[in-house]
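Take a look at the structure set out below.
There are 2 protein chains.
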Amino acid sequence: MKLSEGVEQAVHCVTFLTGLSPDGLVSAASLAELFGVSTSYLLKHLQALSRAEILEATLGPKGGYRLARSAAGVSLLDVVVAIEGASPAFRCAEIRRRGPNPLPARYFSNPCEVKVAMLRAEQAYRTELAKVSVADIAAAAMAGDDGAIAARGCAFLQLNEKKTGNRASS
Amino acid sequence: MKLSEGVEQAVHCVTFLTGLSPDGLVSAASLAELFGVSTSYLLKHLQALSRAEILEATLGPKGGYRLARSAAGVSLLDVVVAIEGASPAFRCAEIRRRGPNPLPARYFSNPCEVKVAMLRAEQAYRTELAKVSVADIAAAAMAGDDGAIAARGCAFLQLNEKKTGNRASS
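Here's what the structure looks like:
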């Protein structure tokens, strides 16, 4: 089971954007610089987060990204689903129905026990992720910081945050 | 997040092998026929299950596979880990430490809150999978069967099960 690298990048970007001014924006290039990742690759993830209405995107040279809703209203599950899609991790090809002398479909009217158990476990995973918001992540990060990490973030924002003077619509 | 198709094949094969005679074996080719999948592809998964000591493999033209331990002692988690590996699904590249003016490593002595939350959710997933054995899966399948599915399995075993007369070591 693998999550794409984009999940880490997406969660960190969204968490970082919780620290913006209400009228602030940060460009994809600035976020890519902050986290030392490829801009073009990150852009794909930021666009997925915008499509999921987690981020609000403003286009153009003065454009950038900010949260589309409160940090408490964005869970880790929201971010993972935005990047990875909502499909289950377990792929059921119904191989129990194949092979020689297959029985008619009516013999398999109940869902396969394997699928039921695998999806139950995925639900437990999703339930845990849904419990944690990016506000929680930001608060936990601040609680473990003696001030240096926050100061570095603030210095970065002073250089890279764009002020729009309003909450522009995307 | 994706699991490989091999997980479904592996769980069904191991569950099917719970129905063998104590001295029975089924070849990879027979299991591939039963589930309508490629033998060479399935063989890779059967070998992984053998390495994980879930199956016992007997080599040679009279060889095949059977459970290496009791069906109650093989959990879905055992099978998933055998096929997918034990690495976490979440990949942490520590991007919080990158970018301009990186802080010294001592500022990041605590594990990243993102990683902690992601791995906590994975633990919930694994805990659920560990609760279910292939004996449970086989029992649930039998409970939902009016006899036709079991009869088809028995007919298949009559044609394809090899009897060794003993519990050979692998």
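As you go down the protein sequences, you meet chains A and B in turn. Per the working numbering, the first sequence starts with residue 1, numbered consecutively. Per the working numbering, the second sequence starts with residue 171, numbered consecutively. Think of the CB as a built atom: it goes at the ideal place given N, C-alpha and C, for glycine as much as any other residue. Model, not experiment: these values are computed from the prediction.
Name, please, each residue of chain B whose Cβ falls closer than 7 angstroms to the Cβ of residue i.
| i | result |
| --- | --- |
| A:E128 | R290, A291 and A294 |
| A:I95 | E178, Q179, H182, F205, G206 and V207 |
| A:Y193 | Residue 193 of chain A falls outside the range modelled here, since chain A spans only 1 to 170, and no answer is possible. |
| A:V114 | E178, V181, H182 and I307 |
Nearest CA to the CA of residue i: which residue from the options?
| i | options | result |
| --- | --- | --- |
| A:K163 | A:V14, A:D23, A:G6 and A:N101 | A:D23 |
| B:G176 | B:S208, B:P270 and B:H215 | B:H215 |
| B:L247 | B:V304, B:A263, B:K232 and B:M171 | B:V304 |
| A:A140 | B:M288, B:A180, B:E283 and B:D316 | B:E283 |
| A:L17 | A:R126, A:A138 and A:E94 | A:A138 |
| B:P364 | A:E8, A:A148 and A:M142 | Look at the range of chain B in this structure, 171 to 340, and you will see that residue 364 of chain B is not part of it. |
| A:T15 | A:G36, A:I54, A:R97 and A:Y41 | A:I54 |
| A:Y125 | A:G36, A:A86 and A:D136 | A:A86 |
| A:T180 | B:A180, B:G269 and B:D316 | This structure cannot settle anything about residue 180 of chain A, because the visible part of chain A is limited to 1 through 170. |
| A:A10 | A:A151, A:K115 and A:V79 | A:V79 |
| B:F205 | B:G335, B:G323, B:T297 and B:G233 | B:G323 |
| B:L299 | A:R120, A:E128 and A:P61 | A:R120 |
| A:N166 | A:Q47, A:E94, A:G63 and A:Y41 | A:G63 |
| A:A71 | A:A150, A:D136 and A:A151 | A:D136 |
| B:R267 | A:N160, A:V37, A:P111 and A:P104 | A:V37 |
| B:T297 | B:Q217, B:G230, B:P231 and B:S245 | B:S245 |
| A:M142 | B:N280, B:A218 and B:P274 | B:N280 |
| B:E178 | A:E8, A:I95 and A:P61 | A:I95 |
Along chain B, in chain order, which residues have C-beta atoms closer than 8 angstroms to that of residue i?
| i | result |
| --- | --- |
| A:P100 | E203, L204 and F326 |
| A:E5 | R261 and A263 |
| A:I54 | What A:I54 touches in chain B: nothing, since even the nearest Cβ is about 15 angstroms away. |
| A:V74 | Here the premise fails: no neighbours, minimum Cβ distance about 13 angstroms. |
For the beta strand (DSSP E) that residue i lies in, which residues bound it at each end?
| i | result |
| --- | --- |
| A:Y107 | Element bounds for A:Y107: n/a, residue is neither H nor E. |
| A:A57 | L55 to T58 |
| A:L67 | G64 to L67 |
Please go through the same chain and pick out, in chain order, the residues whose beta-carbon is closer than 8 angstroms to the beta-carbon of residue i, but skip the five residues on each side of it.
| i | result |
| --- | --- |
| A:R51 | A82 |
| A:L157 | G19, L20, G24 and V26 |
| A:Y107 | none |
| A:G73 | S133 |
| A:M1 | A89 |
| B:A275 | R267 |
For residue i, which residues of its own chain have a beta-carbon under 6 angstroms away from its beta-carbon, when the five flanking residues on both sides are left out?
| i | result |
| --- | --- |
| B:G314 | none |
| B:A325 | none |
| A:L43 | A28 |
| A:C13 | L31 |
| B:K301 | none |
| A:A48 | A82 and I83 |
From which residue to which residue does the alpha helix (DSSP H) around residue i run?
| i | result |
| --- | --- |
| B:F326 | A318 to N330 |
| A:A48 | T39 to R51 |
Report the partner residues of residue i according to the DSSP bridge assignment.
| i | result |
| --- | --- |
| B:S303 | B:S245 |
| A:G24 | A:K163 |
| A:K2 | B:K172 |
Starting from the C-beta of residue i, find all residues in its chain whose C-beta is less than 7 angstroms away, skip the five residues before and the five after it, and write them out in chain order.
| i | result |
| --- | --- |
| A:E122 | P88, A89 and F90 |
| B:S174 | I253 and E254 |
| B:M288 | F260 |
| B:K285 | F260 and C262 |
| A:A68 | E53, I54, L55 and E56 |
| A:N160 | V26 and S30 |
| A:A150 | M142 |
Give me the chain A residues within the contact set of residue i, using Cβ-Cβ distance strictly less than 9 angstroms, ordered along the chain.
| i | result |
| --- | --- |
| B:K332 | Under the 9 angstroms cutoff, chain A gives no residues; its nearest Cβ is about 18 angstroms from B:K332. |
| B:N336 | Here the premise fails: no neighbours, minimum Cβ distance about 29 angstroms. |
| B:K232 | Within chain A, no residue comes near B:K232; the closest Cβ sits about 22 angstroms away, beyond 9 angstroms. |
Using only the heavy atoms of the ligand ZN, determine whether one of them is closer than 6 angstroms to the beta carbon of residue i.
| i | result |
| --- | --- |
| A:A68 | This structure does not include the ligand ZN; it has no bound ligands of any sort. |
What does residue i reach in chain A if we use C-beta pairs closer than 8 angstroms?
| i | result |
| --- | --- |
| B:L273 | A148, I149 and R152 |
List, in order along the chain, the chain B residues whose C-beta lies closer than 9 angstroms to that of residue i?
| i | result |
| --- | --- |
| A:K44 | In chain order: nothing, as chain B lies at least about 16 angstroms away. |
Closest Cβ-Cβ distance between residue i and chain D: below 7 angstroms?
| i | result |
| --- | --- |
| A:M142 | In the structure shown, chain D does not exist; the protein chains are A and B. |
Show which residues of chain A have a CB atom less than 7 angstroms away from the CB atom of residue i.
| i | result |
| --- | --- |
| B:A287 | L76, V132 and I137 |
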